[in-house]
Amino acid sequence: MRYAETGFNLEIDLSRGNIEKVQTDPRLTELYLGGLGTNAKMLWDRVPPDVEPFSPENLLIFSAGLLCGTPATGCNRTIVSTISPQTLLMAFSMMGGFWAPELKYAGYDKVILRGKSPDLVYLWIHNDKVELRDASHLRGKGAGETAELIRKELKEPQAQVAAIGMAGENRVYFASIEQGRSSASRGGIGAVMGDKGLKAIAVRGTKDVNLARPAEFMELCSEVLKYIKYRNENPIPGVMPILAGLGSPQEMAVHDEKWHTENFMWGNSRLRRKDFWNKDIAQNWAETLDKMRTRLISCYNCPMKCGATISAPGIPTYMMKCFSKLTYTMAAMSDLEFGLRIAQQATEYGVDGFSAPQVMAFGLELHEAGILTDQDMAGLPTGNEEKFYWLLDRIVRREGIGDVLANGTYWAAKQIGKGADAFAHNNIKKHEQLPLKLSMLNPIYFLMYATGEKINITQIEGQFPQAPFVTREEREEFVKDWFQVPDEKFKQYLLDWEPRGEKSMPFYPTVQMCCDIVDWQEKMHYIDDGLGMCAGLSSFPLKPPYHIHNYPKFISAGAGIDMDEARLTQAAKRYRTLVRAINIRRGMRRKDEKPPENHWKKRFPELEKELLDTYYKFKGWNNDGIPTQESLHELGLDYVSEDFVKRGILTEQAGELPQGAPAER
Amino acid sequence: MGEKKKKIIKTIKVDVDKCNGCRACEMICSAFHSVPKYSGNNPARSRIRVIREPLKDIYVPVYAGENAKAECMGRDKYVIDGKEYDECAFCRASCPSRDIFKEPDSGLPLKCDMCESDPTLEKPLCVQWCLVDALTYEEREEEVEEEVKLDDVETGLDSLVAKHGLQKVLDTFARMSQKGVEQPGEK
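Those sequence lines, one after another, are chains P and X.
Residue 113 is where the first sequence starts when you use my numbering, and the numbers rise one by one after that.
Residue 203 is where the second sequence starts when you use my numbering, and the numbers rise one by one after that.
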């Protein structure tokens, strides 16, 4: 008997319509946990580097995390992995909601899709009954609309549906997979789903998910619930409201618009409007949100209310989460009402709420600069807001200029030429980033931006405060009950961290400290992605209920795997390295690991070089960011090492660590 | 005339406005009632279900009550605050018209037992796990008049007498006791 996991995957060959239920190897769970970890293993084994994103050979894997469907609060994430059409690297976008637990209750840990269906289909999983069904009547339908139609035609109101909209069907490089209040948006995974001819996966399960040592596991769950209650009643003082509590940043609940509109960039990540906010806007926007927000809502088995139902007069109700509240507003230099309205359309079309607004603003900027001509933009309305609706429509249909913009700013700029690439200025690894432009280099963030492979800063930051507290007293207060630290040294780092003077950025935290801090933050995210835990209760917020000290106990009691902090750290490092290995094999190198040039005004090239050099060594990677043979061997990844040597990525000699380098243990 | 007695009434107050739709109540209910306790969970076995239609903003946690052998003839609709609810959304019965409150394997009806256990829990688990306070546990003391009720056997005999006449029932009873009919529990 398997615990926490079901021990079965579904293998679907869309080309032939073949469906198989495959038992999995429990030894892989010990080495790679589940979710992202075992997804990465599968992509390494089965998708060679010459496979294009839109090839039938590319896999699209929907995976529940190892602890999804257990009573662990907030453990509900679906980890979708494939090769991204935008970055050409491994994409592992994820979504909360209800889908992953339902898959577990149906008796499966993963759905692995290969091939391409000749006709548009959807997959219906109902316990042991699994079938591909015709979806031609769903072509062009919105993602939410599709979910409703499928539930109706199956007469299964409790089925959970993950679907693509028109953007996915038309292979827009930033197409999302939508699932009610959640979406897996980054990396264009919706485009891969569309390319495979798969409109949706509906799942309903009525089986048990079992625990290895129930009493122990429930005790851990009770502690977590108690701590969540405590944290909800005791927000962290001295940080902005959306960072003071747990959950995803509480953008739906909190009126934080002032902070974001003054500190994030407007348009195509261009303009900072420090004097934007005033009393009238404050009142007007608060009214808009209060009027349109019907209810704050949650994902499966989680008390945090990070999402909301939004009902704008005259358009269908939809569900929203987090920062997409402001991305359209700010890209279009408009107001909140516009943002909430166009987001409904965008959600139905199924596009990434970070990339899509920037791509549209980028298109308009190119037009203003004369790089895109009136002819290119023939039909463009005159009203500012109408322009965005028009562009969104062209993009998801791939009509006219929309066909170019649908490839994202990086590829569109290449296609357009004429200096357009200067306008695609906010990318890392070919992917649009949060619209942030700041003043002084932050060495911790430099490393996270440069080396993050989930391509989104929110998916690597967390745990360590974003900025130093002003007074020593505040710092002392903060570290008092900071039991989540993996090592006491982190408390000292924070205590000594000053806003200005000798111990301030960019030279403090020191390079070595930055390595420690980034590694800790990244590790927690990778563990979450293996377990299916929401970052909002673990790796993202300060002082979360899940941390390196209680996670091994959850895994031991839940899955019956012998786990301690060292072994868990090693497992997370193993599949983190495997993700890197997949990307290295696809050509990623040090040259790709850099934040946008204009991300900070004050840059320090020598320090940045030292940061990257040291961090690479610390991680067991060589100076080009490639994991060394020695570090691969330590992780039991000799098969990667052999492949690297065979392909000439590493030579026996060059792969060795320089003498005396401090390899991370 | 019956005797006055004090009785503790256990109630759960459901505030549908506070429900966030997370279904933790379903999960923990099914975990508590699994055998051995907490060894597994499966919301389909839960004795509480959240009737949930997010796009209509309908969230109603409802508890399993008595089993109904037949479905209702007419099923009404209720409009509350502009939202249209099926009557079933508030109904506690496991009944042939829907698949909730039935064991998914056997189809047998499920019923909320307020997490009766030894030692007694302070509150039912669904309430403990509902951190958004959509579910709150309340006990209230009520004075009830205990009327003398016919017990089940007497009710049964009454109907037999009504059908067959007292003499026939007496004769049958005498004959059965002479034959030494197997007693329940004696095997």
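Glycine included, each C-beta is placed from N, C-alpha and C at the ideal position.
Bear in mind the structure is a predicted one, so any value in this text is a computation, not a measurement.
At what residues does the alpha helix (DSSP H) containing residue i begin and finish?
i        : result
P/Glu585 : 584-592
P/Gln60  : A query on residue 60 of chain P cannot be resolved here, the shown segment of chain P reaching from 113 to 777 and no further.
X/Trp331 : 327-331
P/Gln135 : Taken as a continuous stretch (DSSP letters only), P/Gln135 belongs to no alpha helix (DSSP H), being part of the beta strand (DSSP E) at 130-135.
P/Arg158 : 148-158
P/Ser339 : In the sequence under discussion, the amino acid at residue 339 of chain P is Tyr, which differs from the Ser named in the question. Element bounds for P/Tyr339: 326-345.
P/Gln291 : Run containing P/Gln291: none in the alpha helix (DSSP H); it sits in the beta strand (DSSP E), 289-291.
P/Ser167 : Here P/Ser167 belongs to no alpha helix (DSSP H), and DSSP marks it neither H nor E.
P/Val304 : 301-307
P/Asn375 : 369-375
P/Ser753 : 750-758
X/Glu228 : 226-234
P/Tyr561 : 555-563
P/Thr763 : Note, P/Thr763: premise wrong, no alpha helix (DSSP H); not H, not E.
P/Asp392 : 391-404
Run through the DSSP bridge pairs and tell me what residue i is partnered with.
i        : result
P/Gly574 : Bridge partners of P/Gly574: none, in fact.
P/Val315 : P/Ile237, P/Gln272
X/Ile250 : X/Tyr265
P/Trp632 : In DSSP, P/Trp632 forms no bridge with anything.
P/His659 : DSSP lists no partner for P/His659.
X/Pro311 : X/Lys304
P/Gly419 : P/Ile409, P/Lys433
X/Gly242 : P/Asn322
P/Phe120 : P/Gln135
P/Arg226 : P/Asp125
P/Met645 : P/Cys187
P/Ser193 : P/Ile173, P/Phe204
X/Asp288 : X/Lys279
P/Trp712 : P/Leu550
P/Val242 : P/Ile237
X/Ser296 : X/Asn269
P/Ile778 : Any question about residue 778 of chain P goes unanswered here, given that chain P covers just 113 to 777.
P/Leu310 : P/Val233
Check for me: the beta strand (DSSP E) holding residue i runs from which residue to which?
i        : result
P/Ser205 : 202-207
P/Ser295 : 294-296
X/Asp354 : It is not in any beta strand (DSSP E) - X/Asp354 instead sits in the alpha helix (DSSP H) that spans 354-366.
P/Leu550 : 550-552
X/Tyr339 : 337-348
P/Ala88  : Here chain P covers residues 113 to 777 and nothing more, so residue 88 of chain P does not appear.
P/Thr258 : No beta strand (DSSP E) holds P/Thr258; the alpha helix (DSSP H) holding it covers 255-266.
X/Ile214 : 205-216
How would you label residue i, buried or exposed, when you count the other beta carbons within 10 angstroms and need 16 or more for buried?
i        : result
X/Val281 : exposed
X/Val355 : exposed
P/His661 : exposed
P/Asn413 : buried
P/Thr494 : exposed
P/Leu244 : buried
X/Ile211 : exposed
P/Ala190 : For the record, residue 190 of chain P in the displayed sequence is Thr; it is not Ala. P/Thr190 is buried by the Cβ-count criterion.
P/Gly280 : buried
P/Thr763 : exposed
P/Asp221 : buried
X/Glu388 : The pLDDT assigned to X/Glu388 is 45, lower than 50, so where the model puts this residue is not dependable; a value taken from the coordinates is nonetheless given after this. It counts as exposed.
P/Leu478 : buried
Complete alpha helix (DSSP H) runs within the region 719-747 of chain P (minimum length 4 residues, chain order): 741-746
Interfacial residues, the region 252-281 of chain X to chain P, with Cβ spacing under 7 Å: Pro256, Leu257, Asp259
Residues of the region 395-418 of chain P whose Cβ lies closer than 9 Å to any Cβ of chain X, in chain order: Thr406, Arg407, Leu408, Ile409, Ser410, Cys411, Tyr412, Asn413, Cys414, Pro415, Met416, Lys417
Near-chain X residues of the region 333-358 of chain P - C-beta to any C-beta below 8 Å: Leu337, Ile340, Lys341, Asn344
Length-filtered (3 minimum) beta strand (DSSP E) runs lying within the region 429-501 of chain P: 430-433
Residues from the region 329-343 of chain X in contact with chain P, defined by Cβ distance under 9 Å: Gln330, Trp331, Cys332, Leu333, Val334
Residues, ordered as in the chain, of the region 563-577 of chain P that lie near chain X by beta-carbon distance below 8 Å: none
Against chain X: residues of the region 277-301 of chain P by CB proximity under 8 Å: Gly292, Arg293
Near-chain X residues of the region 206-235 of chain P - C-beta to any C-beta below 7 Å: Tyr217
Residues of the region 359-373 of chain X whose Cβ lies closer than 7 Å to any Cβ of chain P, in chain order: none
Chain-ordered residues of the region 182-209 of chain P with a beta carbon less than 8 Å from chain X: Thr182, Pro183, Thr185
Residues of the region 306-322 of chain P whose Cβ lies closer than 8 Å to any Cβ of chain X, in chain order: Gly317, Thr318, Lys319, Asp320, Val321, Asn322
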